[in-house]
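**Q** I'd like to ask you about the structure that follows.
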Amino acid sequence: MNDPNRVLIFDTTLRDGEQSPGATLNLAEKLEIARQLARLGVDIIEAGFAIASPGDFEAVSRIAQEVGQLDQPPVIASLARCAKKDIEQAWSAVQWAKRPRIHTFLATSDIHLKYKLKISRNDCIEQVGEFVSYAKSFCDDVEFSPEDAGRSDPEFLWQVLSVAVQAGATTLNIPDTVGYCTPQEYGQLIEGIINNVPGIKAGKVIVSVHCHNDLGMATANTLAGIKAGARQAEVTINGIGERAGNTSLEEVVMALKTRPQFFGGLYTNIDTTQLVRTSKMVSSLTSIPVQPNKAIVGANAFAHEAGIHQDGMLKNPLTYEIMRPEDVGWNSTNLVLGKHSGRHAFADRLRQMGYDLNRDELDKAFERFKALCDKKKVVSDADIEALLTDQFESLGNDLFKLDELHVATGTGNTPVASVRLIDQDGERHEDAALGNGPVNAVCNCINRITGANAKLVEFHVHAVTEGIDAIAHVTIRVEMSDSEGKKYVFSGRSADTDTLVASGKAYLAAVNRGLQRTQLARRPVAESV
Ligand code: KIV
Ligand code: ZN
1 MNDPNRVLIF DTTLRDGEQS PGATLNLAEK LEIARQLARL GVDIIEAGFA IASPGDFEAV
61 SRIAQEVGQL DQPPVIASLA RCAKKDIEQA WSAVQWAKRP RIHTFLATSD IHLKYKLKIS
121 RNDCIEQVGE FVSYAKSFCD DVEFSPEDAG RSDPEFLWQV LSVAVQAGAT TLNIPDTVGY
181 CTPQEYGQLI EGIINNVPGI KAGKVIVSVH CHNDLGMATA NTLAGIKAGA RQAEVTINGI
241 GERAGNTSLE EVVMALKTRP QFFGGLYTNI DTTQLVRTSK MVSSLTSIPV QPNKAIVGAN
301 AFAHEAGIHQ DGMLKNPLTY EIMRPEDVGW NSTNLVLGKH SGRHAFADRL RQMGYDLNRD
361 ELDKAFERFK ALCDKKKVVS DADIEALLTD QFESLGNDLF KLDELHVATG TGNTPVASVR
421 LIDQDGERHE DAALGNGPVN AVCNCINRIT GANAKLVEFH VHAVTEGIDA IAHVTIRVEM
481 SDSEGKKYVF SGRSADTDTL VASGKAYLAA VNRGLQRTQL ARRPVAESV
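Position 50 of the sequence shown, counted from 1, bears residue number 50 in full-length UniProt numbering, the numbering being contiguous throughout.
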């Protein structure tokens, strides 16, 4: 039996988090994040939705084979609908882990039963019994989620959950799928489940909370559920996820740690000093920026601007600080590297930043680091993060690579870009295009060469560090349609000391993703899994 005070952290950054529009991660990026989640100390990694695409399947299997085989590894889970094929795929992918889990779900709210699934409550109960048993026939560790539990009739929910327990589920996860509940309601929902579903009070089954942030209450709801007796929290790094996102891991973990008396001594296994590092990695690999005022991991989370606050802080940090920045991993000593730094120092720095590169990746990163040192006197963590993001961005099987880019622009004339790309057979393709601005000219030119029908829908550029030699980090989202006119969003990013080069590379990365749509795209703009 688990320690009743231990709250398990189930991280779904790679599954629910990756459902954020345009956040698609490639295999190398997912592996890097999974390794960092293991270092952070999460108990369960939901590595993906194995049936969703061949890419998802491969990522879940590789994470199960690698991270799932560490000493004292986290549980590796895959999501599966209540369907044979889904469950079989989930099992094929997670079976390599020392501690595999199948997480299956079926909606239980009347709205979902009537309009989405078009089945009756009885059908729903039957399917839950059948498919939880089917999952159990492969895997001892089965989690069941009644989707849209937050809007389901509680008594019907108890019935469904009891059937799931009888069929072998050992974790019951209660999603507030559309972020509808208030903390009081959600706490009562969890309490009702604990009191009315056999097996929970005896400690045979764990209740889990899973909240969405549509009304900004995900963290509050999650904590209310934990206070009511849930002992697993499903969360994502930086709270990323579909629509307004999921509950953020760092907020829940730090609330429990900072308010032990209020939460009656509940604790997690998270190494909180890894929080900022993990947040930065996820932000840079998904291209989803962290808002500066984001709790715990936002750039301003520990910044004190008002004079009266600064005065208090100087007298005693306890006046305005309820957590110490170093406890969540804000390190004050951000050592810089430069052209005299060797491979060893560079590799060491990467490890400290949470990156675990293989030999080839390290060679490539070191080469780029050295090239950067020729342009920049000092190279900070932020520069290295940008450099790695750029390196991971290449899928390894890109249809086109940027070979050359020139732009002529200025006052009084129309910007013109000329671009040369190299395809997978090594053939060169060149063209030139005009644009209403230099970036637009580059994008038009890439469209002409690749034949992509891409439309730029978002463009962000930020200087990674201060100073004239700062690297420009560009994030781009493009919209592309398939042959049936369905629209998809793809993101790309790049970093370079030249903003236009970074823009061209980022745009091409997004277009490459789009062109490989059959493999990667699962989510039309106006649709979700
Ligand atoms: O929000 C939700 O309902 C989910 C389930 C699939 C667990 O993510
Ligand atoms: Zn969810």
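The C-beta atom is built at its ideal place from N, Cα and C for all residues, glycine as well.
Pairs of beta-carbons, one from the segment 382-395 and one from the segment 408-422, closer than 8 Å: are there three or more?
**A** Segments in contact, no.
**Q** Which class does P438 belong to by DSSP, given the choice of helix, strand or coil?
**A** If DSSP states are grouped into helix, strand and coil, P438 belongs with the helices.
**Q** Please return the same chain residues whose Cβ sits closer than 6 Å to the Cβ of V525, not counting the five positions on each side in sequence.
**A** Residue placement at V525 is poorly supported in this model, since its pLDDT is 38, which falls under 50; the coordinates still yield a value, given next. Excluding sequence neighbours, V525 sits near K487 and V489.
**Q** Whose CA, out of V253, E234, S120 and K257, lies closest to the CA of N246?
**A** If we check each option's Cα against that of N246, E234 comes out closest.
**Q** What's the gap between the Cα of H103 and the Cα of V75?
**A** Roughly 11 Å between the two C-alpha positions.
**Q** Under a Cβ-count criterion, where at least 16 other Cβ atoms within 10 Å of its own Cβ denotes burial, should C238 be classed as buried or exposed?
**A** Residue identity check: residue 238 is Asn in the sequence provided, not Cys. The residue is buried, with at least 16 neighbouring Cβ atoms inside 10 Å.
**Q** Classify Q232 as helix, strand or coil using the three-state DSSP reduction.
**A** In this structure, Q232 counts as strand in the three-state DSSP scheme.
**Q** State the Cα-Cα distance for the pair A470 and A167, rounded to the nearest angstrom.
**A** Cα-Cα distance, rounded: 58 Å.
**Q** Counting Cβ pairs closer than 8 Å, one from the segment 110-118 and one from the segment 67-87, do we hit at least three?
**A** At 8 Å Cβ cutoff, the stretches do not touch.
**Q** CB of T177 to nearest heavy atom of the ligand KIV: below 7 Å?
**A** Yes, Cβ of T177 sits closer than 7 Å to a heavy atom of the ligand KIV.
**Q** Please identify the residue among G192, G229 and S92 whose C-alpha is closest to the C-alpha of F138.
**A** The candidate whose alpha carbon is nearest that of F138 is S92.
**Q** For G150, collect the residues of the same chain with a Cβ closer than 6 Å to its Cβ; drop the 5 residues on either side in sequence, then sort them by chain order.
**A** Counting only Cβ-Cβ distances below 6 Å, and skipping sequence neighbours, we find D176, Y180 and C181.
**Q** Is G48 closer than 8 Å to A59 when the C-beta atoms are compared?
**A** It is a contact, given that the beta carbons lie within the stated cut-off.
**Q** Can you give me the C-alpha to C-alpha distance between I200 and G229, rounded to a whole angstrom?
**A** Distance between the alpha carbons of I200 and G229: 10 Å.
**Q** Counting pairs of beta carbons, one from the segment 31-42 and one from the segment 266-277, are three or more of them closer than 8 Å?
**A** In short, these stretches touch, since the Cβ pair count reaches three.
**Q** Kindly examine the ligand KIV and report whether one of its heavy atoms sits closer than 7 Å to the Cβ of F459.
**A** Because no heavy atom of the ligand KIV lies under 7 Å away, the Cβ of F459 does not count as near it: no.
**Q** Among residues of its own chain, excluding the 5 on either side of I240, which ones have a beta-carbon nearer than 6 Å to its beta-carbon?
**A** Taken in chain order, the residues that qualify are G17, S20 and I288.
**Q** Please specify which runs of the alpha helix (DSSP H), each continuous and at least 4 residues long, are wholly inside the segment 173-214, giving them in chain order.
**A** Segments of the alpha helix (DSSP H) lying fully in the segment 173-214: 183-196.
**Q** Quick one: what does DSSP say F392 is sitting in, helix, strand or coil?
**A** Three-state DSSP puts F392 in a helix.
**Q** Let me confirm a value: W202 is counted as buried when at least 16 other C-beta atoms fall within 10 Å, else exposed. Which label applies?
**A** Trp is not the amino acid found at residue 202; the sequence shown has Ala there. Exposed, since its Cβ has fewer than 16 Cβ neighbours within 10 Å.
**Q** What runs of the beta strand (DSSP E), each 3 residues or longer, lie entirely inside the UniProt region "Regulatory domain" (401-529)?
**A** Whole beta strand (DSSP E) segments, 3+ residues: 416-423, 428-434, 455-463, 472-481 and 487-496.
**Q** Using 7 Å as the cut-off, classify the Cβ of N221 as near or not near the heavy atoms of the ligand KIV, replying yes or no.
**A** N221 Cβ: outside cutoff for every heavy atom of the ligand KIV.
**Q** How should A306 be labelled, buried or exposed, when 16 other C-beta atoms within 10 angstroms of its C-beta is the threshold for buried?
**A** Exposed is the call here.
**Q** Cβ of L79 versus every heavy atom of the ligand KIV: is any distance shorter than 7 Å?
**A** L79 Cβ: within cutoff of the ligand KIV.
**Q** Cβ of N300 versus every heavy atom of the ligand ZN: is any distance shorter than 7 Å?
**A** Checking the Cβ of N300 against the ligand ZN gives no.
**Q** What are the boundary residues of the beta strand (DSSP E) that includes R81?
**A** First-last of the beta strand (DSSP E) with R81: V75 to R81.
**Q** Per the DSSP calculation, L106 is bridged to which residue(s)?
**A** In the DSSP output, where bridge partners are listed per residue, L106 has P146.
**Q** Over the uninterrupted beta strand (DSSP E) stretch that includes E46, give me the two end residues.
**A** Per DSSP, E46 belongs to the beta strand (DSSP E) from I44 to G48.
**Q** Could you check the C-alpha separation between residue 538 and T475 for me, to the nearest Å?
**A** As shown, the chain starts at 1 and ends at 529. That puts residue 538 outside it, with no answer to give.
**Q** Using a 10 Å radius around the Cβ and a threshold of 16 neighbouring Cβ atoms, would you call A408 buried or exposed?
**A** Looking at its Cβ environment, which holds fewer than 16 other Cβ atoms inside 10 Å, A408 is exposed.
**Q** Give a yes or no on contact between the segment 421-436 and the segment 368-377, applying the rule of three or more CB pairs nearer than 8 Å.
**A** With the cut-off at 8 Å, the segment 421-436 and the segment 368-377 do not touch.
**Q** Roughly how far, in whole angstroms, is the beta-carbon of T236 from the beta-carbon of D11, given that I think they are within contact range, below 8 Å?
**A** Right, the Cβ-Cβ distance comes to about 7 Å (below 8 Å), so this counts as a contact.
**Q** What is the residue span of the alpha helix (DSSP H) that D327 lies within?
**A** D327 -> no alpha helix (DSSP H), and no H or E assigned at all.
**Q** Is Q19 helix, strand or coil when you go by DSSP?
**A** Here Q19 sits in helix by DSSP.
**Q** Check whether the Cβ of D16 lies closer than 7 Å to any heavy atom of the ligand ZN, and answer yes or no.
**A** Yes - the ligand ZN has a heavy atom lying nearer than 7 Å to the Cβ of D16.
**Q** Could you spell out where the alpha helix (DSSP H) holding F131 opens and where it closes?
**A** Per DSSP, F131 belongs to the alpha helix (DSSP H) from R121 to K136.
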